[in-house]
Structure formats: C-alpha cells, structure tokens
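For what it's worth, my numbering labels the leading residue of the sequence shown as 1, then goes sequentially.
Worksheet: the structure to be examined is printed underneath.
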Amino acid sequence: MNKTTKAETAVSILTESEVAERVEALLRQMSLEEKIGQLNQVGGADFAPGPKAEEQIRAGSAGSVLWVNDTKRFNELQKIAVEESPSGIPLLFALDVIHGYQTIFPVPLAMAASWDTAVPEKSQAVAAKEARAAGIHWTFAPMIDIARDARWGRIVEGAGEDPYLGSAMAAAQVRGFQGSDMTDPERVLACAKHFAGYGASDGGRDYDPVYLSDTQLRNIYLPPFAAAVKAGVATLMSAYMDLNDVPASGNRFLLRQVLRQEWGFDGFVVSDAFAVGNMVIQGHARDGREAALRGIQAGLNMDMSSYTYTEQAAGLVADGAVTVSEIEDLMRPILAIKVKMGLFEHPYVDEDLLAAVVARPEHRQAARWAAQRSMVLLKNEGGLLPLKKDIKNVAVIGPLADSMESTEGSWMVFGHTPAAVTVLAGIRAKLQDAQVTYAPGPEIRRDIPSWFESLMAEEAPKQPQTAEDAELAFQTAVETARAAELVVMVLGETALMAGEAASRASLDFPGRQAELLKAVSDLGKPVVLVLLNGRPLSINWAAEHIPAILEAWEPGTEGGHAVADVLFGEVNPGGKLPVSFPRKGSHAPLYYARNLTHSPEDSPMYNPRYWDGLPVPLYPFGFGLSYTTFAFSNLKVSAPQVRVNDTVTVSVDVANTGEVAGDEVVQLYIHQKWGSDSRPMRELKGFKRITLQPGETKTVTFQLGPDELKYWSTNAGQWIQEAAEFDIWVGADSLAALHTELEVVA
Ligand code: GLC
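Dropping the structure here:
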C-alpha cells in the first residue's frame, strides 16, 4: 500500500479547467451504476442498516463513508475503493467533528460567546489537523442554524440567535476547517448545516416542522449560510425537517433557486442521515422511487445512508424520469472536490500521524485559550471574584463538578472517550496547598433517555439513583459545603441534555440542583456558581441570591483549567451572551431583535404580553461582565446624513475605568425607524472585542453601508436599502444606551 510519507508532498493546485478535464475523463470511463454510486454515502456503523460497506465500495456504489472513526479501517476501505472498484475512485471519509476531534474545544455556542472570530477559526483549524491526521477528509460542521428558542437542544451547536454574529462565526469556522488551499493535508472539507431553518422547529421540538416567511428566511435564517458560501464552504447538508411543508432534502427553492441560482454555490449538498428515504415517512413521496426523484429534481447531490439513490436512480433513468446528464450534474462537484483535494494522488493516511499531531502542546493550549475567551461573567456581587489563591478550604459541589463528559459537552466525536480536565481537577491544580473537598449531590438524568446514550456515553447507561441514595448524596453535599470556607457549585446540564434529540420544555436546573443550591446558600457562606450547560437556563433564583455566577458552557478538554484561570483571576472574563436567557421555557422563542408593535415596552398603553410575568430576559443578548469596568462616550457618525448606497463611519470611545486589564466587546445596534416593512427595534450590525489596560481609552470605529442597512422586504419581494432615519446605539450589550442618529436620503 503506498502509504503517504509524514511530510506529504503537496499536490499541485489545479486550475478549474484542469479539474474539469480530469472529471470529464473519469466520467467517460464510468458506468451509470458508478455515477450513481458517487451520490451514495455509506453508513459505516452497525446502527446504520444496509448492505455491507465493503460490498458497496467494491461494486463502485460508494462515493463516501461516514460513521467510521478508525484510521486502519479508513485505509482498508480506501484500498478496496482504489484497487478493487471498477474505476478506482477514492472515497471521502466524513465524520461529525463539531468542536474538536481528540482535543475538544468549547461547544460552538461557547465559541460564539467569545465574540471573537479568531476563537472558532483557530479552534476548528486544530480540529481539522487532528481529524485529517486520523484519516477524515470531511466534517459535518459548522452547524450554523440560527436558534431563538432555548428549548431546542441543538442551540448548543450553533452561534445563537443573531444572524450578524452567526454569519461572522460561520465564515470563521469555514476558514478554520478548510484554510485557503484544498490540497492542504492538514485541513478538512467543511459542511454548512442544516440547510435551512432547522432552528425554528415548532416549540423548539427537534425535527418538528418549520414555517418561515420570506422575511424570516432571508433576514434571519439564511444569512449565515450565505456567509459560509461566500467563505468558500465546500459542502452543505440539507436539514431533516419540513420547511413550509417541503422537506429540505427535496426542496427546490432552497437547493436550486437560493443555493445555486442566487448564490452560485458550486460545491455539493449531502442530505442529513437517511433524509432522502425519510421523505416517504414525511409524506412527501409515495415510495422510495418518488423520494429519489424528489431529491434528484431538487438537486440534492448525495444521499446519506438511505440508499434510495442506489436503489432507485438507475430505474428512474431507465423510465426516462431522470436523464443520465442529470445524474452526471449531481456527480460532477463530488468528483471535482476529490480531484482538488488530491485524493487520487494521496488516498491513504499515515497511520502513525495522529498520535504525533494530537501530542502537539499547542493543541491543548489552544483549547484552554478558547475556553477562557468563551466564558461569560453573569454576576459578581461585592467583587467576590476573583478568588484569592491563599484560600485554605474550598468545597466543590454538584453533579457536573467532576464529569469529564459534561465538561467536554454535546456532540462528542463518534467513539471518543472523554478526557477533560474537570472543574474539580482544575481547581485542585490551581490550589496545591488548599483543602479542596468534593461532593456531587444527587445525580441528574433526562426524564426520557437519549438514544445517543449508547453511542456517545463512555459508560453504559447506569441504573437511576434510588431516592434514598439521592437523599444521602444531598445531605453529604450540604455537610461537605458546611465544612468549607467557600463553595463552588457546578450545576447545569449533562452533555446529553442538549444537542440532537435533546429539546426540553423547561429551562430550569434538572433534578434537585436548585434545591441543593438553596440548601448550600442557606449555610451563609460565600457561594460561586459555575454553569456547565448547552443552552440558556432560567436560573432566576440564583440570579437573585448567589453573589457570583460564571457561565462556562461546555468548555472542552481544558475546561477545568480555564474555569480555574477565571475564578482565580489569571484571566479576566470578557465573553458575552450569544443568546437571550429567558426567565421561563414557556417564554421561548425569546430574542432581542423584535419589532416594536403598536404597544412597545415604553408606551403608556403597554400590553404586558403575559399577565403572569413579563417575558423580559433574565440576561439580555450581548450581556457579560468583567473584573474591571468600562465607559462608552463620544459616539459620533462621520456624517449625520448620507445617500442610499453610501457608507458612514461610526466611532465611539471606550475607557477602562477599573483597576485591571480587561476585554470589552463593543457592540453596534441599529433601528430603521420606518420603511416598506416594519424593522426590528434593534439589530446587531457591528462588534469588536478589544483589550484595555486600566485607565486606557481606545476609539473604536464601524462602517455602516448598504451591506448593513439593506434588508429583504416582504412588500418589495427583494433586497432593498431605503431612505429613512436610523437610531444607532453602541455599548456593552443589546440594551446599549449611548445613542445617536443617522439619516439616509434617496
Ligand atoms: C445527525 C445530525 C447531523 C449529523 C448527521 C451525521 O442525525 O442531524 O447534524 O451531521 O446525522 O452524523
């Protein structure tokens, strides 16, 4: 087997015409079955029903394989493809590497909380190096679904509620995974998913139908995908659900009109798992034959493991329902990417490479750095934080305090064994001379188990804890806290309580965590709450009664060290919330960029929306504190009036008015006061994370032009920028008060 050398000789970068020539030459030698085979992604795991992977590959009926995570196995399967299939076309190996391969980074929602595009870009570049060294060519990431309903479990995988922040994070992840050169042996293909609108499932219930108007699709849910395509993403994944009653995998509006005709996308689209065949279940196809027809006509290039294409496409061609050239059109971008990546020259992976790559110290350093920058300080009454390192006796309490799996978080790589530094381990490493005690308290578990449990959890699902054992654990935890001078509570959700098939109606602490927090707080000692969670939580009581609260999300392999770095002041937290925190699950969907309506919050006739409690977020979008303080002043626009299509510069001074250096995320929001359509009361249109020394002031500038001021108008049925007056705010979160105005004239 011609194994690659460690320093893989770079493949020459081909011109588009050279790629096209090679694709046409391949195509001319291929049978129809083989052309259809390239559209087929084989499920390489036992849970995926269907013919054996080897048989499909040997027959030339496989273009790609997913759910295999074994370097030797990759080479075995690739050998069959290259040496035994009719045309010897190499396979693309794909896997969900969402936030790290072996070195795990903070979950994507946490990365977005850094409000620093360098965080996702650097993190995904490391993930790509490790995944590619394992033999993976293609990751099913970034997940860039806007999510405004915190009940939806997959909010953890995206960048939150805002299209402007989400678009910046989407492009940064694509750059991190793919780099700028498709032949780079340390990069992987990215896959923008789930196209499109998946985050708006009814009631936040995963997989449920999505109904979105043009204005919602165009102004909120599609922009991150447009940004990913503009950043050169190689592939997209069509979503599971019905979008306006048409499954995304058979949706010509999405796959042909928007993606190909409007955006000029030239890569390829893979369906979500079994989604082509599932169109029969969803009632969009009478049978597999019609499902295949729907996918082909919609322009869906690759069928993820439902085998509907390999079972039906040849028959559709024989019947004249589909032409050979339609099959070839679907196949070309798949072959083109294989040629561009140099897979024909280097189909195999060096089986010794991964260990060396993962051992690079800069990988864990990057994971710690990313986790530090993702943390959001939600409360710090009386300057309890940062803690002093001469503290003698700390109790670390809570079911997540020593959980590697919950520290690494949702969407673990298939077959990965968690090895995170937990919060307990991080605090113990920081306080070598102190007594650091620990008690988990009662365990927490989903009311309805996740079917991912068997795939993702390192240990098989345990028997639920008995009520007696839970009570004993509760009392032990309270007694452990009583004996300490300060308590760090680590509460939130387990890794499987957010993510796929992990929606929930409540946003409260699961289990007896809230009760335990109150019991510990009643002891009258200083309590710091560290949250490990994959979604906003309604921590209303804690927000009132606990003096210090740090949102650590699911911080990855180095999470415990990063939490300790922040708690003990070695790092000053500077993250901001990428999602609003509702006071109740039933307030969702809840987001800041709402329309004013005829009864805005500040009107005398304000309708309190719910009479049983205002749906004001517990913490607003963009919120986050620091160990220092900042002041905004001198907000100016370069011209009070500009013409449509002109650009204006907005500037503001930001000062560090405290005693320590710190980061502030300067955020710019606009409000178009009137227009063809009603526009949201605030929309994020600029952000910059800056570092300021104590006493230092910096002037921050933003550009406001057509890109920021245009919107898709329901009335006009197209993108427009119109003459109108605008409110402009700049500040530290979406409630920013520093205000000026801008007039745009025709
Ligand atoms: C899953 C997810 C998708 C993932 C795919 C392959 O069901 O919806 O995000 O990439 O299947 O594992």
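Here a beta-carbon is modelled for each residue, glycine too, at the ideal position from N, C-alpha and C.
Fair warning: this is a prediction, and the values are worked out from it, not measured in the lab.
Asked	Found
A110 Cβ short of 7 Å to the ligand GLC heavy atom set	no
Enclosing beta strand (DSSP E) for D663 [first to last residue]	G662 to Q672
Straight-line Cα distance separating W138 from K6	Only weak support exists for where K6 lies, its pLDDT of 42 falling under 50; the value from the coordinates is given anyway. When rounded, the distance between both Cα atoms is 20 Å.
Distance, E21 Cα to D266 Cα	16 Å
Segment limits, beta strand (DSSP E) that includes T699	T697 to L704
Environment of V745 [buried if 16+ CB atoms lie within 10 Å]	exposed
Beta-carbon proximity list for V733, same chain, < 6 Å, skipping 5 on both sides	In the sequence under discussion, the amino acid at residue 733 is Asp, which differs from the Val named in the question. Contacts found: P620, G622 and F623.
Sequence-distant residues of its chain with Cβ nearer than 7 Å to E311 (five each side left out)	G288
C-beta contact flag for A285 and A234 at 8 Å	no
Cβ-Cβ distance between S676 and S651 below 8 Å	no
For P90 and Q173, the rounded distance between their alpha carbons	26 Å
Rounded separation between I448 and A501 - CA only	10 Å
Extent of the continuous alpha helix (DSSP H) run through H587	Where H587 is concerned, there is no enclosing alpha helix (DSSP H), given that its DSSP letter is neither H nor E.
Sub-8 Å separation of I427 and G63 beta-carbons	no
Simplified DSSP state of A378, which is helix, strand or coil	The question names Ala, yet the displayed sequence has Leu at residue 378. It is a strand residue.
Anticipated Cβ contact below 8 Å, M302 with S271, distance rounded	7 Å
DSSP beta-bridge partners of L189	W138
Closest Cα partner of G232 within the set G158, A248 and F177	F177
Complete beta strand (DSSP E) runs within the segment 192 to 260 (minimum length 3 residues, chain order)	235 to 238
Nearest-angstrom beta carbon gap, L387 and L567 [assumed within contact, 8 Å]	5 Å
I144 vs A81 beta-carbon contact at 8 Å	no
8 Å contact criterion, which Q282 and P247 should meet: CB distance rounded	5 Å
Pairwise C-alpha distance: R446 and A53	34 Å
Buried or exposed by the 16-neighbour rule on C-beta atoms within 10 Å, applied to G382	exposed
Residue from S17, P418 and I728 with nearest C-alpha to P640	I728
Counted within 10 angstroms of its Cβ, other Cβ atoms place Y211 as buried (16 or more) or exposed	exposed
Beta-carbon proximity of S305 to Q78, cut-off 8 Å	no
7 Å Cβ shell around A762 - same chain, five flanking residues per side excluded	Here the chain covers residues 1 to 746 and nothing more, so residue 762 does not appear.
CB contact below 8 Å: T466 versus chain D	The chain labelled as chain D is not found in the depicted structure, where only one protein chain is given.
Delimiting residues of the alpha helix (DSSP H) encompassing T407	M404 to E408
Near the ligand GLC: D272 beta-carbon under 7 Å from a heavy atom	yes
Contact the segment 146 to 161 vs the segment 198 to 215: 3+ CB pairs below 8 Å	yes
Span separating the alpha-carbon of K3 from that of N75	Model confidence at K3 stands at a pLDDT of 42, short of 50, so the residue's coordinates are unreliable; what they give is reported in the following sentence. Spanning the two alpha carbons is a distance of roughly 9 Å.
Residues near K636 in its chain [Cβ-Cβ closer than 6 Å; skip 5 each side]	S651
Spatial distance of H99 from A131 (CA atoms)	11 Å
Candidates L95, K129 and G166: closest to M111 by CA position	G166
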